[in-house]
Amino acid sequence: MQIDTPLRSSRLLEAMRGQPRALVYAVIAGHAVAMAVAMLMVDASPPREVVEALAVGREHVLGTAAQPPLTAWVLSLAYWLGGGRLGALAVAGALADALALWAVFQLARSIVGERQGALATVLAAGVASLTWLPPALDNDRLLLPLFTLAALHLWRAAGQGRRHYWVLVALDLALMIATKYEAIVLALVLMLALAASERGRAVFRAPEPWGALAIAGALVWPHFLWVATSEVAPVHGLGGLSDIAGLIQARAAAWLAALGLGVLGHAGLAGLLALLVVPRRGERDDAPTFARPTPDVTARRYAVTLAFAPAPAFALVGLAVGETPTFETLVPLFAFSGLAAVLLLGPAIAFHRHGLAGQALAVLTLAPAAVAVLTALALPYTRSQGADTNWPSADIARWFTEVYRIRTDQQLAIVAGDGWTGGTLVLASRDQPRLYLDADPARAPWITDDAVARAGVLAVWRVDGGNANPPPSLRARFPGMTVETPRSFEWAIAGRLPPIRIGWAVIPPRAD
1 MQIDTPLRSS RLLEAMRGQP RALVYAVIAG HAVAMAVAML MVDASPPREV
51 VEALAVGREH VLGTAAQPPL TAWVLSLAYW LGGGRLGALA VAGALADALA
101 LWAVFQLARS IVGERQGALA TVLAAGVASL TWLPPALDND RLLLPLFTLA
151 ALHLWRAAGQ GRRHYWVLVA LDLALMIATK YEAIVLALVL MLALAASERG
201 RAVFRAPEPW GALAIAGALV WPHFLWVATS EVAPVHGLGG LSDIAGLIQA
251 RAAAWLAALG LGVLGHAGLA GLLALLVVPR RGERDDAPTF ARPTPDVTAR
301 RYAVTLAFAP APAFALVGLA VGETPTFETL VPLFAFSGLA AVLLLGPAIA
351 FHRHGLAGQA LAVLTLAPAA VAVLTALALP YTRSQGADTN WPSADIARWF
401 TEVYRIRTDQ QLAIVAGDGW TGGTLVLASR DQPRLYLDAD PARAPWITDD
451 AVARAGVLAV WRVDGGNANP PPSLRARFPG MTVETPRSFE WAIAGRLPPI
501 RIGWAVIPPR AD
């Protein structure tokens, strides 16, 4: 590394020279805290998929009709640790992001050294799928730290010969599959990354990798047994054979668009690299340089495979099983883009516009939170439909909890409704009731007829337009219920949004 004059120094350069680890932790903490604070400021409710997962996850079932159980269990734990406050879920999502970036740094520093490892990690601030989404702890968000931890532990076990890490590899793989079925693809990518070199392939001649796979299989076996026997097990499909060609074409187009969006989401990373490595016109060749030893072929192929293989592999399997991609799907797929960029730049990286790069890094770290706040404040004035996170969960839960107590002289124990209207109510209510999902015993087997008779039920549903009738599922389950006049609520940030109307009915407990 060459020595610069003070005139060419900057905070980024000094941090890279003297405290690269502190730089990484500052970026990780800055982004996590900013996003968590932003969500606590403007989100009155968690996103829909989080609410539905948590409302069911509190029942500690082995799976749901939508997903494996781990995300729901983790959300339930975060909710409990947060004292039943919905804001704890935003903090949990931010912590998951921080854990993922920590694992990326630990792996990167073991392959390219501490300084270039720090650069590889902070470059993640320029990957939109990692930093610009709100920290909602859904399946894809939870899969991100599990995948990066699995990559780290596998490298320590196989690449560095630390055999006791195979136990953690087994645990990581099991947790990944218990989070999202498609995580099997990422597990195969990990194996492919290891098998990409001769030394990596030699690892599979030892018993430890196969023992780890056996342990992982044993850990997820109870869930797959449930999948095989449950009538509500999640199943994706391609649809009818008559339209299979059209479905494949449409889903292929959706995956191509998602992957293209993911590539475009690297614009921030590309901008940071351009500021650092592209010299000014006429600049002398005396820029500060950070060098590293050349990694061996096993480490290099391992890292490059982790960076480039997940997205296309995930797309191919997603197309095969019929999953429709969203931007959230991309979250765990580009975790190692910064490491790949550092490796492709070569053993010595010159820092040219390091002052501007440091400022750009600060902006990329904090801008997502600022944009999230401004967007949440502006959207109610610019659109006719409210966002899920603007849903007034606390006001709705407070009113219905008090009404039910007054009507029945009992605490609210069971709420019948859909995963969103009923789910937000049960999570925000001080009585902590249970969700009777669509009043369907098959979807909510934890609610028995005896429990309904003893505790009573509050049935709720969203009213759109002038039709205040309950959904057919509620009417079929409670044919004699008396429908009350719908109750109106203002959105948390009202703006120009029309009020929310909630239909409701009280099914009183059985008189003893």
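Note that UniProt numbering gives residue 214 to position 214 of the sequence shown, counting from 1, and the numbers run on in steps of one.
C-beta: ideal position from N, C-alpha, C; glycine also.
- By the CB criterion at 8 Å, VAL189 and ALA98 fall outside the cutoff.
- In this structure, ALA120 lies near LEU339, with their beta-carbon atoms less than 8 Å apart.
- By the Cβ criterion, the stretch 153-168 is not in contact with the stretch 368-380, since fewer than three pairs of Cβ atoms, one from each stretch, lie closer than 8 Å.
- Straight-line measurement puts the Cα of HIS223 at about 48 Å from the Cα of GLN359.
- LEU99 is not bridged by DSSP to any residue.
- Positions of the alpha helix (DSSP H) runs, each at least 4 residues long and wholly inside the stretch 451-494, are given as 472-477 in order along the chain.
- ALA291 sits close to ALA348, with the two beta carbons spaced by under 8 Å.
- A straight-line Cα-Cα distance of about 53 Å links THR485 and ALA26.
- Linking VAL321 to ALA103 through their CA atoms gives a straight-line distance of about 30 Å.
- As for any alpha helix (DSSP H) of minimum length 4 sitting wholly inside the stretch 412-439, the runs are 421-428, ordered along the chain.
- For VAL321, the enclosing alpha helix (DSSP H) covers residues 310-321.
- Look at the stretch 251-305 and you find these whole runs of alpha helix (DSSP H), each 4 residues long or longer: 267-277.
- In the three-state DSSP reduction, TRP399 falls in the helix class (H, G or I).
- Taking C-beta atoms as the reference points, PHE336 and ALA303 count as a pair closer than 8 Å.
- Judged by DSSP secondary structure, ALA369 falls within the alpha helix (DSSP H) whose first and last residues are 354-382.
- In this structure, DSSP gives ARG501 an extended state, which the three-state scheme calls strand.
- Taken through DSSP and simplified to helix, strand or coil, ALA350 comes out as strand.
- In the three-state scheme derived from DSSP, where H, G and I count as helix and E and B as strand, ILE111 is classed as helix.
- For ASP440, the closest C-alpha among the options VAL452, GLY386, LEU95 and GLU323 is that of VAL452.
- Per DSSP, the continuous alpha helix (DSSP H) segment holding TRP221 begins and ends at 207-229.
- Under the 8 Å Cβ criterion, the stretch 427-435 does not count as touching the stretch 474-482, having fewer than three qualifying pairs.
- Nearest neighbour of TRP226 by Cα position, chosen from GLY495, LEU213 and ALA178, turns out to be ALA178.
- ILE507 sits in a strand when the DSSP states are folded into three classes.
- Counted as a single uninterrupted DSSP element, the alpha helix (DSSP H) harbouring ILE177 occupies residues 165-177.
- For ALA315, the closest C-alpha among the options GLY93, ALA252 and ASP388 is that of ALA252.
- Nearest to VAL220 by C-alpha distance, out of VAL203, VAL317, ARG162 and LEU62, is LEU62.
- For ALA32, the enclosing alpha helix (DSSP H) starts and ends at 20-42.
- LEU192 and PRO332 have their C-alpha atoms some 17 Å from each other.
- Residue state for PHE105 is assigned as helix, using DSSP reduced to three classes.
- Counting along the chain, ARG201 sits inside the alpha helix (DSSP H) bounded by residues 198-203.
- Contact check for ARG48 and SER76: beta-carbon distance about 17 Å, past the 8 Å limit, so the pair fails to qualify.
- Contact between the stretch 384-395 and the stretch 30-45 is present, with at least three C-beta pairs closer than 8 Å.
- If you draw a straight line from the Cα of ILE184 to the Cα of MET176, it is about 8 Å long.
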